[in-house]
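Notes to accompany the following structure.
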Amino acid sequence: MVSAADAGDAAALLTDVPADHRVALVDPRFVGHLHALRLGLTDPRFPAATVPGALTAQPQARPALVRALERTTAAVGAGAPVVDPGTGPAPEDPTVPGRIAVALEAEGVAVQRPALGSLVAAVPTDPEQQAAAVAGVAAVDDEAVRLRNAVKSRDGFFTTFCISPYSRYIARWCARRGLTPNQVTTASLITALIAAGSAATGTRGGYIAAGILLLVSFVLDCTDGQLARYSLQYSTMGAWLDATFDRAKEYAYYAGLAIGAARGGDDVWVLALGAMVLQACRHIVDFSFNEANHDSVANTSPTAALSDALDNVGWTVWVRRIIVLPIGERWAMIAVLTALTTPRTVFYALLIGCALAATYTLVGRLLRSVTRKARRTERAARALADLADSGPLAQAVASLVHGPKRALTAPAAALIGALVMVGAALFLPYGSWLTVVAAAVYFVLSGFAVARPLRRALDWLVPPFFRAAEYVTILVLAARSDVPHAVPAAFGLVSAVAYHHYDTVYRIRGGTGAPPQWLVRTIGGHEGRTALVAVLAAVLTHTSGFTTALTALAVAVALVVLVESIRFWVSSSAPAVHDEGELA
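Residue 1 is where the sequence shown starts when you use the numbering used here, and the numbers rise one by one after that.
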């Protein structure tokens, strides 16, 4: 910490600080809570941030900060306005850091102003203000505020009332011992993998241990996000780990249950894969709808208005959050049923619960879409196209046509293609080359669906239709093959592809765009992989080669996707965020 005599001195001192360091300007008269300064000066997600009397700048914003300080000195001297009052708004914070923040915004630098709530951050200018600020600091326990804010404001019923009341204290315990959110996330994954291994034993003791460990894993899963918010430890690696480990834990646990059931003579691999497919399709509905509408310029949907009105009635909020079977409720149900019943019962409950939740959310999103009057932005259309995951075959068709005619919208083309593909896999004789013909029809209609920008009200349905077609086709063909271990191999393939699709979602959420086109082309796109599995089923009918081929495809996709994903998330271009997750 170095004291500067004026803005010019501060600019000179900044030049002595290494270029890759964050810097902060704090008015020496500052009075406030320590956590207010933490929020304003230590959050790594923003290039610049300010609270009254303090300003911070990350390396990318430092050149603009130095220019603002030098302009202040050259124009009107230390402490004077740094922008012409006639050309910009007067700063709410009249201190030098506050005025510099306005100057940074004038240069195009986004300056974050965190909500302080009851926390105090002030620069008093007389004894009366000084006394009021000191009294305000004494009246509020900033540690209690810090603990309260570590918990997500919007979470499921089970998480809110059964986990967060004590997991926040675990987060504080971890912070005081120097543990990082990434370490807690990894511990959660390891615990879930041990739970999956316990379930795979197929014994009652193993199932009981698995249920307990799964709940412990979920407590740690809540703790890592709370630790990140408590200590403001947001990171690129944390974004990647938190976004992907939840799916890895859930899928590994499904596999453990299926292996344990098989040890007891009950083959439930089809149910395990079905539960995974249904859950993944539920998520893509949520992701696709949110990406299509999060930046709409207008929203006049009566359905949305009704939902907002119900939010004012406390009990309806919790009922609706329970209905969607969010991760807390889902994992609690899985854990209890694992300990008390059989894997088959667990999967039946999962399929029924997720199907009801999917129906509820899908109907609500459809009603919102058809009743709202909003113009879809170019960014939203681009996000939907990226979520579609169209490969070379669909892109080639799209380049030759002008998109679906008025009578055949993009969702209709995608839905018809999905029904043709899944119907052929279900009802045609297994191994029939007509299934390959259906795959050709599917990729042609897929090309039609994405030939025009996805800007219409229901175009967000296109990615979910594609996901359902691909995943269900793989599931059905593997189940009908009657080849040993084909369904477990299909489980691995869908897991690898689902990872790619989740990775795409979280890149888009971070504002960095979808994975590179070379990756999508290399792994074939949704239509290419679907067609390839159909061809393999026709060529390798009722032979063990089908299992081998599915396994090889799963390994190839996983390797390519994981290598590129790891490269991206550890690179400097990855977003420094900690994923808040979805209720579902």
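Ideal placement from N, C-alpha and C gives every residue a C-beta, glycine not left out.
Short of 6 Å from the beta carbon of S369, and not among the five residues preceding or following it, lie these beta carbons of its own chain, in chain order: A457 and L458. Rounded to the nearest whole angstrom, the C-alpha separation of V268 and A261 is 7 Å.
Judged by their CB atoms, T185 and D224 are nearer to each other than the 8 Å cut-off.
Cβ-Cβ separation between F157 and I416: approximately 39 Å, too far for a contact (criterion under 8 Å). For the region 165–247, the full-length alpha helix (DSSP H) segments reaching 4 residues or more read 181–199 and 204–231 along the chain.
Between the C-alpha atoms of G328 and E250 there is a straight-line separation of about 12 Å. With a beta-carbon spacing of about 21 Å, V441 and L454 fall beyond the 8 Å limit used to define contacts. Around the beta carbon of Y253, 16 or more other beta carbons lie within 10 angstroms, which makes this residue buried.
Taking 8 Å as the cut-off, the beta carbon of G492 is found closer than this to the beta carbon of T551. 8 Å or more divides the Cβ of G264 from the Cβ of G197. Between V555 and L519, the C-beta spacing is not below 8 Å. When the five nearest sequence neighbours on each side are left out, the beta carbons in the same chain lying within less than 7 Å of the beta carbon of G136 are those of V120, in order along the chain. Under the DSSP assignment, A24 falls in the beta strand (DSSP E) whose first and last residues are V23 to V26. In the same chain as Y348, and ignoring 5 residues on each side of it, the C-beta atoms closer than 8 Å to its own belong to L271, in chain order.
Per DSSP, reduced to three states, the secondary structure at G328 is helical. In the same chain as Q226, and ignoring 5 residues on each side of it, the C-beta atoms closer than 7 Å to its own belong to A150, V151, S167, R168 and A171, in chain order.
Rounded to whole angstroms, D9 and H294 show a C-alpha spacing of 44 Å. Taken through DSSP and simplified to helix, strand or coil, L553 comes out as helix. Checking the DSSP bridge columns, you'll see L55 partnered with L25 and T50. Counting every other CB atom within 10 Å of its CB across the protein chains shown gives E143 a total below 16, marking it as exposed. Distance between A139 and V2, taken at the CA atoms: about 30 Å. Take L220, set aside five residues on each side of it, and the residues of its chain with a beta-carbon closer than 7 Å to its own are V184, A187, S188 and T191, in chain order. Contact between V494 and I474 holds: CB atoms are separated by about 6 Å, below the 8 Å threshold. Exclusion of the five residues before and after V472 leaves V277 and V422 as the residues of its chain whose Cβ lies within less than 7 Å of its Cβ. Pairwise C-beta distances place the region 110–118 out of contact with the region 11–27, as fewer than three of them are shorter than 8 Å. The beta carbon of G206 lies closer than 8 Å to those of S198, A199, A200 and G260 in the same chain, with the five residues before and after it left out.
In the DSSP assignment, A122 forms a beta bridge with V31.
A direct Cα-to-Cα measurement between F427 and S235 gives close to 49 Å.
Here DSSP, grouped into helix, strand and coil, assigns V441 to helix. Excluding five sequence positions before and after A439, the CB atoms of its chain that fall closer than 7 Å to its own CB belong to M421, T530, A531 and A534, given in chain order. Taking the Cα of L400 as reference, the smallest distance to any Cα among T435, L445 and R372 is reached at L445. Per DSSP, the unbroken alpha helix (DSSP H) holding H501 starts and ends at A486 to R509.
Taking A479 as the centre and dropping the five residues before and after it, the same chain places the C-beta of V270 and V487 closer than 7 Å to its C-beta, in chain order. Scanning A357, R99 and W331 for the CA closest to the CA of I163 turns up W331. A residue is called buried once 16 or more other Cβ atoms fall within 10 Å of its Cβ, and A418 is buried on that count. For G274, the enclosing alpha helix (DSSP H) has its first and last residue at W269 to N293.
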